[in-house]
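Chains as they are written, first to last, in this note's numbering: chain D, 5 to 412; chain P, 5 to 412. The structure under discussion appears below in the form of structure tokens.
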């Protein structure tokens, strides 16, 4: 099944090289496709690493190893296999990952704990060791490539390559951040795992890098959903080479830490939103802003309950300002809420305030707003100061077509 | 939009009269439809009542009042309004319910706390008091009707009338249980709230009636899902008139209590499954049996995570034995699980055991099973003795058509 480019796609941005980061791709041939499907990123000595991983209790070997590896805080290489997720493959799957790690650490003369591996694609089929070995061999010898080549090579059912970039000034020196990501459904283990990688030439201590990534993740990757499903392989890794020559950032009080975090947040938000923009069958990008919640975390859970509601998502698909479905989703979120203080709006127009429909509610501007590609839903719970913004897409016939009519 | 009768529908069963229960219907005209939309059930003096209600934090006035009323344990009347849910209507909505309660309690010379009211239909529009008053007046004067008439009158987007019946022998005397229910999506506040009512001529103390209903609810109504959405109005009420003349059941040690509970469970299970069988767009009825969980409650949550997964539901719609999506759903459930002990099967054939695909897995019988209307998924977590069975339906283009293409 050939998937058409998402109508919500964004062009791939201009992205600068990051000192200490070298990208290469190769063809391992994990599937019968005519494209590179193995990505190899070589990282300068001394590169710090941080990572966030799926909370799935059935995570892949790659994720299990990554969770352990990230604790020591350093990385020299990343390998991403596309076309086979190696998930649910037991010991044989684990052996394939260990083979890749051994091969790369041997070539780079680094520790095995410094070689990170991700895989995405069909599950239940152990990653073929022979293809992996030949693919890694080819990647080690390949010419360096650009960001978009790498972004394409990690994709599976993605309909467009996804990248984001930002910069920050640390003292008088500029550092760059560049990232790419794959993912289209959110998130199916056999086709649409979210894998994201961000690189910077700033120098950041591993523990602080992890703290910043976890914080940024809470406000970005943890705030998106396409269908509420969670992959066994979801991974975001952040690498800091330190090759820009800026002073080491080790805590929030260090000069430039706030500026760096702001840039990181920008890259994470853009990457997260790009995944939603490639949501299976998506025709509309939906931003849901929740305010007045008991706490920020409560606001996020309310937002995700709305974002995951099939009834809300189908209403938006149909251009229907159905605030009743939003009330329903708020009610089921299991978070503090008071029906008589709840307000709901679309595109900046309140439809209901303090638990009652507005008597002079004019649906015309709302209907016009819902005709557009970008939809905004505002929800004010009216009980506190917690707030969060989450992003999702609509639920359309296209989603059913991709996931039901097409047999993997 | 005219909805076609669900392909999974069941014929309305033969249901006996229940001594002490008198059914009447009338036309209040809440919507411009040519049918009865107000149901009035008169109950003999001394009738016990129990109830379970939506956990929504944004419940309707009817639910808020019902939660309070059920505590005193007795009922003389039930009124169900179809076409207007009266949810999210603030004080004006509450006044309409109080008017109905006053009108009925006045006619029956009973306490206002003994008159139960439910409403289902569009939200955000206060129940029109004039129509309610005239409708109740007509219902009070109407000739008694049968179960199927009442089952039809409480329906909204239901495509078939839903009833269930069972009997138990208490000592040498037979008691009957009869129930009817409405609901098709699970569960939208503006169209498809689940409202269920069960009646028996057994004599049961209110506290024990409540205990049995709560227990049966855990294994039936709480084990179904169509789209994971929860209504602001979901209600199940159980009325015991005592008119069969059997001894009062007041606890599990009373003779016949187990037999009565078994019959109650049977009615609840059938009613719950009928709601799934009318799931919006449903083409297949899916039973998911989870075993080997840490606890029964954990098994249920895992089962519901599978049942609510759009990726699992679309796979079944497509006749695809995609056990990888089941692994994903188990992993995201947030319950204890071990990837390497997990087994998954379809229609009695294991596809994966102990965390790995079976080497001799024959997909042919599974593919044949998935062609049928009734699909069974078995999941063995392999870590404990907890088990649960949940029921859902597939996710099809029909669901999108009903909820997105149709504007309410």
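C-beta atoms are modelled at their ideal positions from N, C-alpha and C, and glycine is treated no differently.
At least one CB atom of chain D sits nearer than 8 Å to the CB of residue 344/P. Residue ranges of uninterrupted alpha helix (DSSP H) with 4 or more members, entirely inside the region 141-185 of chain P and ordered along the chain, are 151-157. As summarised for the region 12-58 of chain P, the continuous beta strand (DSSP E) elements at least 3 residues long and confined to that stretch are 25-30, 42-47 and 52-57, given in chain order. Look at residue 221/D: its C-beta is not under 8 Å from any C-beta on chain P. The Cβ-Cβ distance between residue 64/P and residue 90/P falls below 8 Å. Put simply, of 33/P, 174/P, 98/P and 346/P the residue whose alpha carbon is nearest the alpha carbon of residue 134/P is 33/P. Counting other Cβ atoms within 10 Å of its Cβ, residue 363/P stays below 16 and is therefore classed as exposed.
Residues 186 of the same chain have their beta carbon placed closer than 6 Å to that of residue 159/P, with the five preceding and five following residues left out of the count.
Nearest in C-alpha terms to residue 327/P, of all of 284/P, 92/P and 349/P, is 349/P.
With a threshold of 8 Å between beta carbons, residue 247/D makes no contact with chain P. Remark: C-beta atoms of residue 281/P and residue 139/P do not approach each other more closely than 8 Å.
Along the length of the region 216-248 of chain P, whole beta strand (DSSP E) runs at least 3 residues long occupy 239-244, reported in chain order. Per DSSP, reduced to three states, the secondary structure at residue 327/D is helical. For residue 382/P, the three-state secondary structure derived from DSSP is strand. Residue 371/P and residue 325/P have their alpha carbons spaced roughly 7 Å apart. The shortest C-alpha to C-alpha distance from residue 37/P to any of 406/P, 73/P, 157/P and 143/P is the one to 157/P.
According to the DSSP assignment, residue 105/P belongs to the alpha helix (DSSP H) that extends over 94-112.
In terms of CA proximity to residue 59/D, 341/P leads the group 276/P, 341/P and 207/P. The beta carbon of residue 299/P sits closer than 6 Å to the beta carbons of 390 from its chain, once the five residues preceding and following it are set aside; these are given in chain order.
Only exposed fits residue 256/D, as fewer than 16 other CB atoms lie within 10 angstroms of its CB.
CA-to-CA, the gap between residue 322/P and residue 398/P works out to about 9 Å. In the three-state reduction of the DSSP assignment, residue 76/D falls in the helix class. Under the three-state reduction of DSSP, residue 280/P is assigned to helix. A Cβ-Cβ contact shorter than 8 Å links residue 404/D with residue 400/P. Here the region 331-345 of chain P lies against the region 302-317 of chain P, with 3 or more beta-carbon pairs under 8 Å apart. Taking C-beta atoms under 8 Å as the contact rule, residue 127/D and residue 164/D fail to qualify, at a distance of about 24 Å. Nearest to residue 382/D by alpha-carbon distance, out of 13/D, 62/D and 394/D, is 394/D. The beta carbon of residue 315/P sits closer than 8 Å to some beta carbon of chain D. Its Cα nearest to that of residue 356/P, the residue 386/P stands out among 373/P, 386/P and 337/P.
Residue 347/D: member of the beta strand (DSSP E) spanning 347-350, first to last residue. Contacts with chain D (Cβ-Cβ distance below 9 Å) from the region 341-365 of chain P involve 341, 342, 343, 344, 346, 355, 356, 358, 359, 360 and 361, listed in chain order. Fewer than three Cβ pairs drawn from the region 68-81 of chain P and the region 17-29 of chain P lie within less than 8 Å of each other, which leaves the two stretches out of contact.
Cβ-Cβ separation between residue 131/D and residue 100/D: approximately 4 Å, consistent with a contact (criterion under 8 Å).
Short of 6 Å from the beta carbon of residue 167/P, and not among the five residues preceding or following it, lie these beta carbons of its own chain, in chain order: 16, 17, 19, 151, 155 and 184. Under a 10 Å Cβ-count criterion, residue 95/D is classified as exposed, with fewer than 16 other Cβ atoms of the shown protein chains found around its own Cβ.
Judged by DSSP in its simplified three-state form, residue 123/D adopts strand.
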